[in-house]
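Residue numbers (our numbering): 13 to 506. Backbone N, C-alpha and C define an ideal beta-carbon position, used for all residues, glycine too. Data first, discussion second: the structure below is written as structure tokens.
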């Protein structure tokens, strides 16, 4: 009767139909022989109570129960439901053998060849299986916990029968619903002698069946609803984390260039002092074009004044040198690219993937052709308006992304880059690829050889957060002088 009630629960039938059949189960058999009252059968009583009633409940009361009472609620009883249903196995030999075959397939066994799961002589093997060599599958699923003596006798018999087979199997995979202590497991493994014994006991079987992707296998014999397929998403990052070498040397070089230019201009003023009349005429022409200028010609300065200006330039450059390097970084390094793959055979909707780059920050990518030498020395530099109407030189303005642009990024409170990818839908195939130029990855911790990337995935209909396996992004050092040369060549060609 318990098996009949379980079959009813596994079918998509209404509670009223199941209730009605259970209460009518004591009708006479077709042969006319009286049938024992189902209301006095303990198994039926348990099943009826499980559905939310009792044998004393009237038909009217049962009909009055809310229609939202589903059979799945019977399984929301305890977190270790799989363990209990396996131990109190009532489904018989056929489902246990078929479930055992799927469990062993999950564990790496292949070419599974069942004998007679529906009944019949199996020649001492419930199935022949392969794992680098020939193995035998033996299944033992009694109802309830048995004595270790009975389990030992069953395994001993299976091993002896396996030894008689030709070709001789190298081992026996023993799948059972019995709880085995550590010492008992060791004793059972020694029964095989030169035949290897692999034990799949109650705890091990439970752990395998409770893996998210095994929910469908678990649902078939145990009736535990699988729910939606698990989130199985992998993220890939295409690119490197970079850091400059030679930054201090470039700073010194820039100061030297400015000092040399200042001295050459001053020497020219000393050797060829400007004519006041010529200077006044030139100033008039410049003012007529809309520019502000002085009537007084430029005068040479002393060596002490040159030294003071160079020292001031060095101080200013050192104060903003980090920003200067960031400017060169975002304009000379490539942006990161991303690839998201849905490993499950199902569509995911409203998907959000958040990647965190530990020990590295992000900078907004800029086109290398827009490089400006003056911005290398001062990222806030802007070209001055010119002409009588204050014309502003042409600028390269970045177009704002559309509202549904999938990639967004920011540095979190720890200075680590966080990239958020939002997708309306993620198909099982092909992988989603992003080839846009958005963010450049900059190493913030100079002691790192690689940047660890962790990521989480959420999707509509899933109340849990999927955490993927951490990724490693390689660190690459870049010669800062080479980056400057590359940027200057690209801007000259534009």
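Leaving aside the five residues before and after residue i along the sequence, list all residues of the same chain whose C-beta is less than 7 angstroms from its C-beta, in chain order.
i	result
residue 491	257, 258
residue 236	87, 93, 94, 230
residue 174	136, 137, 148, 181, 184, 207
If you drop the 5 nearest sequence neighbours on each side, which residues of the same chain put their C-beta closer than 6 angstroms to that of residue i?
i	result
residue 12	Because the chain is modelled from 13 through 506, residue 12 falls outside the range shown and cannot be assessed.
residue 43	Any reading at residue 43 is ruled out, since the residue's pLDDT is 45, under 50, leaving its predicted position unreliable.
residue 495	340, 344
residue 335	391
residue 282	312
residue 225	242
residue 152	166, 188
residue 457	371
residue 253	372, 453, 455, 463, 485, 487
residue 424	430
Would the beta-carbon of residue i fall within 8 angstroms of that of residue j?
i	j	result
residue 115	residue 187	yes
residue 211	residue 197	yes
residue 342	residue 377	yes
residue 171	residue 182	no
Note down the Cα distance separating residue i from residue j, rounded to an integer number of angstroms.
i	j	result
residue 167	residue 150	8 angstroms
residue 222	residue 241	13 angstroms
residue 11	residue 353	Because the chain spans 13 through 506 in this model, residue 11 falls outside it and cannot be assessed.
residue 504	residue 389	18 angstroms
residue 108	residue 351	41 angstroms
residue 100	residue 157	8 angstroms
residue 277	residue 449	42 angstroms
residue 161	residue 126	27 angstroms
residue 163	residue 360	45 angstroms
residue 442	residue 433	17 angstroms
residue 17	residue 93	At residue 17, the pLDDT of 46 sits below 50, so the modelled position is not reliable and the matter cannot be decided from this model.
residue 213	residue 367	39 angstroms
residue 146	residue 104	27 angstroms
residue 144	residue 209	15 angstroms
residue 141	residue 97	26 angstroms
residue 319	residue 331	18 angstroms
residue 475	residue 469	11 angstroms
Verify the contact flag: residue i, CB atom, against every heavy atom of the ligand FMN, threshold strictly below 7 angstroms.
i	result
residue 366	Of the ligands one can find in the structure shown there are none, so the ligand FMN has no counterpart to examine.
Let me check one thing: in DSSP terms, what residues is residue i bridge-paired to?
i	result
residue 255	489
residue 446	350
residue 467	367
residue 183	147, 208
residue 152	188
residue 373	454
residue 484	464
Using 10 angstroms around the beta-carbon of residue i, count the other beta-carbons present and answer buried if the total reaches 16, otherwise exposed.
i	result
residue 444	buried
residue 414	exposed
residue 95	buried
residue 315	exposed
residue 374	buried
residue 255	buried
residue 337	buried
residue 113	buried
Grab me the residues of residue i's own chain with a C-beta within less than 8 angstroms of its C-beta, minus the 5 sequence neighbours each way, in chain order.
i	result
residue 251	346, 347, 348, 349, 453, 485
residue 322	267, 270, 271, 274
residue 498	344, 380
residue 179	146
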